[in-house]
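Taking it in order: structure first as structure tokens, then the write-up.
2 protein chains.
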Amino acid sequence: MGKLIFIGLGLADEKGITVRGLDAAKDCDALFMETYTSTLSAGSLERLERMIGKDIALADREKVEGGVDILDKSKTSTVVLLVPGDPMSATTHVDLRLRAHELGVDTEVIPGVSSLTAVPALLGLQIYKFGQTVTIPIPEPNFRPTSFYEKALENFEAGLHTLCLLDIKGDENRYMTASEGLGELASVENEMRKGLITEDRIVCVVARAGADDALAKAGHFRDMSGQDFGPQLHSIVIPGKLHFLEAQALVKLAGAPEDLIRD
Amino acid sequence: MGKLIFIGLGLADEKGITVRGLDAAKDCDALFMETYTSTLSAGSLERLERMIGKDIALADREKVEGGVDILDKSKTSTVVLLVPGDPMSATTHVDLRLRAHELGVDTEVIPGVSSLTAVPALLGLQIYKFGQTVTIPIPEPNFRPTSFYEKALENFEAGLHTLCLLDIKGDENRYMTASEGLGELASVENEMRKGLITEDRIVCVVARAGADDALAKAGHFRDMSGQDFGPQLHSIVIPGKLHFLEAQALVKLAGAPEDLIRD
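These protein sequence lines map, in sequence, to chains A and B. With the numbering used here applied, the first sequence covers 3 to 265. With the numbering used here applied, the second sequence covers 3 to 265.
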């Protein structure tokens with residue numbers, strides 16, 4: 003009997019995988035890596051192949067959503083699908099798992115480190131004080147949704163922090179920068195005028211969470227927007243009501259202005 | 003110059019650590035492991051010591067909150083504090099990081115897998131549809147807070163899922179079971195009578211997230227309460243409005259009643 007194992011690769015590069023994930027990858031018959039819902043830094047795939055000692059076939063959107071190759075192999079052998087971050091955060095992977103299950107294929111999930119917890123951790127913000135997570139989409143000529151702004155506003159008014167993930171179109175090699183994301187927030191603010199984004203609003207950016215050169219920065223919107231935070235992936239956090247220790251962390255560890263502590 | 007590195011051990015046992023975390027642990031001068039905000043399964047510490055090739059000193063609440071030993075060593079050498087799960091989810095670690103910073107000690111955070119994302123993943127629930135996370139406290143004779151119920155109710159009324167972490171008192175070796183947690187929810191329901199918990203309410207339990215024998219189960223409250231889900235750690239999820247794929251996952255992968263799909 004075959005098996006399909008979803009393994010989270012965690013963050014940044016080949017070193018984000020857990021020991022449990024690495025062991026399972028070494029033991030399997032065939033490896034695929036999903037490349038469109040997130041990404042690792044350049045060269046990670048090759049280094050991961052060396053670590054595992056096996057070739058990894060790339061799986062783009064078509065290959066995962068179609069699933070034919072992966073599911074066919076899973077019927078008779080142990081197949082691993084490697085997914086950057088947590089292996090189940092995109093619905094497409096849940097769908098693939100359900101289809102495997104329908105075919106009578108055993109499935110297993112080996113969780114990975116997710117930016118959903120790593121980004122708050124790097125900023126010193128308490129994960130329990132976050133409301134619903136949003137994604138800021140890459141704007142299209144005739145498509146500019148505003149629901150991310152509305153949800154972030156709701157969180158903010160309830161005193162909660164908002165993690166804003168930035169849109170990824172891996173198939174097109176497009177990864178939104180924090181600067182673009184802050185620009186989108188400002189655009190929607192201009193339209194909606196609800197006061198979520200002001201020049202004085204404290205916003206946070208985490209770049210390359212989990213990498214050796216990870217960056218966590220906080221400051222007034224006017225100072226943060228337009229900054230270059232280096233290579234992607236980036237995320238934005240809009241803090242709600244800050245606990246004293248959180249304010250201290252943003253000032254001491256992420257360079258926020260000192261008056262955040264006094265306020 | 004010294005350095006203090008916070009490394010997340012991830013879930014379940016010694017295999018939950020990332021390769022990046024393991025490499026940093028191998029390279030450091032002294033290792034501590036925090037043992038009261040969460041825990042790994044029996045024997046994990048010894049296996050972790052063998053994997054790293056170094057002794058690990060246990061750090062209880064006093065040792066971490068006092069911090070003297072850890073901070074003293076960090077002034078002149080590279081010290082690692084190993085923390086089950088994500089290394090920054092308890093405020094006490096943020097506090098320790100700030101104190102190290104005050105002493106001029108460099109700090110670094112190597113994120114770990116957290117139950118906050120692994121539990122939804124194992125159930126096939128979308129992390130983006132969760133509201134604020136709550137913790138159900140171990141009740142004390144004269145202390146039975148109800149805020150966890152109120153927050154979960156708020157999430158539920160907004161259509162959002164709630165992850166209920168279960169209280170851990172590692173220093174006393176007490177880890178709330180799902181059955182106890184469901185009992186607490188029912189007790190507070192009896193008091194508040196807001197209708198969050200009914201006999202028919204679908205609730206989910208994840209036991210041993212990240213372990214080889216992880217269990218994900220969903221069902222009516224009346225069937226789930228009183229069940230034995232095996233060894234801890236356990237978590238509870240109260241689903242809000244379910245997407246079709248989420249309902250399917252709960253039925254097919256977690257044993258929820260079939261009518262969840264038809265509803």
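Glycine included, C-beta positions come from ideal geometry on N, C-alpha and C.
Within 7 Å (strictly less), CB to CB, does residue i reach chain A?
{"i": "Y130/B", "result": "yes"}
{"i": "V111/B", "result": "yes"}
{"i": "G45/B", "result": "no"}
{"i": "D261/B", "result": "no"}
{"i": "S91/B", "result": "yes"}
{"i": "K254/B", "result": "yes"}
{"i": "K219/B", "result": "no"}
{"i": "V66/B", "result": "no"}
{"i": "V96/B", "result": "yes"}
{"i": "D88/B", "result": "yes"}
{"i": "A123/B", "result": "yes"}
{"i": "L247/B", "result": "yes"}
{"i": "K28/B", "result": "no"}
{"i": "T37/B", "result": "no"}
Give a yes or no on whether the minimum CB-CB distance between residue i and chain B is below 7 Å.
{"i": "S237/A", "result": "no"}
{"i": "D108/A", "result": "no"}
{"i": "A251/A", "result": "yes"}
{"i": "G63/A", "result": "Inspection of the sequence shows that residue 63/A is occupied by Arg rather than by Gly. So no, R63/A is outside the interface."}
{"i": "V115/A", "result": "yes"}
{"i": "T148/A", "result": "no"}
{"i": "V21/A", "result": "yes"}
{"i": "G12/A", "result": "yes"}
{"i": "T119/A", "result": "yes"}
{"i": "T200/A", "result": "no"}
{"i": "T41/A", "result": "no"}
{"i": "G126/A", "result": "yes"}
Taking C-beta to C-beta, are residue i and residue j nearer than 7 Å?
{"i": "M35/B", "j": "L84/B", "result": "yes"}
{"i": "K254/A", "j": "L100/B", "result": "yes"}
{"i": "V115/A", "j": "G18/A", "result": "yes"}
{"i": "L6/B", "j": "A102/B", "result": "yes"}
{"i": "S76/A", "j": "V111/A", "result": "no"}
{"i": "L168/A", "j": "H236/A", "result": "yes"}
{"i": "P259/B", "j": "H163/B", "result": "no"}
{"i": "L252/B", "j": "A211/B", "result": "no"}
{"i": "N157/A", "j": "G126/A", "result": "no"}
{"i": "L118/B", "j": "T119/A", "result": "yes"}
{"i": "G172/B", "j": "T41/B", "result": "yes"}
{"i": "I1/A", "j": "V190/A", "result": "Outside the modelled stretch of chain A, which goes from 3 to 265, sits residue 1/A, for which no answer is possible."}
{"i": "D62/B", "j": "T37/B", "result": "yes"}
{"i": "G68/B", "j": "L98/B", "result": "no"}
Between residue i and residue j, what straight-line distance do the alpha-carbon atoms span, to the nearest angstrom?
{"i": "P89/A", "j": "L124/A", "result": "21 Å"}
{"i": "Y177/A", "j": "A209/A", "result": "12 Å"}
{"i": "K153/B", "j": "K243/B", "result": "16 Å"}
{"i": "T20/B", "j": "N144/A", "result": "42 Å"}
{"i": "K56/B", "j": "H222/B", "result": "47 Å"}
{"i": "L60/A", "j": "P141/B", "result": "50 Å"}
{"i": "A26/A", "j": "D214/A", "result": "25 Å"}
{"i": "A165/B", "j": "P139/B", "result": "It should be noted that the sequence gives Leu, not Ala, for residue 165/B. Roughly 14 Å separates the two Cα atoms."}
{"i": "G228/A", "j": "L184/A", "result": "8 Å"}
{"i": "D302/B", "j": "E193/A", "result": "With chain B covering 3 to 265 only, the question about residue 302/B has no answer from this structure."}
{"i": "S79/B", "j": "A92/B", "result": "24 Å"}
{"i": "T148/B", "j": "G87/B", "result": "26 Å"}
In the structure shown, what three-state DSSP assignment does residue i receive?
{"i": "L13/A", "result": "coil"}
{"i": "F231/A", "result": "coil"}
{"i": "V21/A", "result": "helix"}
{"i": "K5/B", "result": "strand"}
{"i": "A213/B", "result": "coil"}
{"i": "T148/B", "result": "coil"}
{"i": "H236/B", "result": "strand"}
{"i": "I58/B", "result": "coil"}
{"i": "L83/A", "result": "strand"}
{"i": "K171/B", "result": "strand"}
{"i": "G68/A", "result": "helix"}
{"i": "E193/A", "result": "helix"}
{"i": "T137/B", "result": "strand"}
{"i": "H245/A", "result": "coil"}
{"i": "T109/A", "result": "strand"}
What does the Cβ neighbour count give for residue i, buried or exposed, with the cut at 16 atoms within 10 Å?
{"i": "V96/B", "result": "buried"}
{"i": "G45/A", "result": "exposed"}
{"i": "V81/A", "result": "buried"}
{"i": "F8/A", "result": "buried"}
{"i": "R22/B", "result": "buried"}
{"i": "K28/A", "result": "exposed"}
{"i": "M226/A", "result": "buried"}
{"i": "T200/A", "result": "exposed"}
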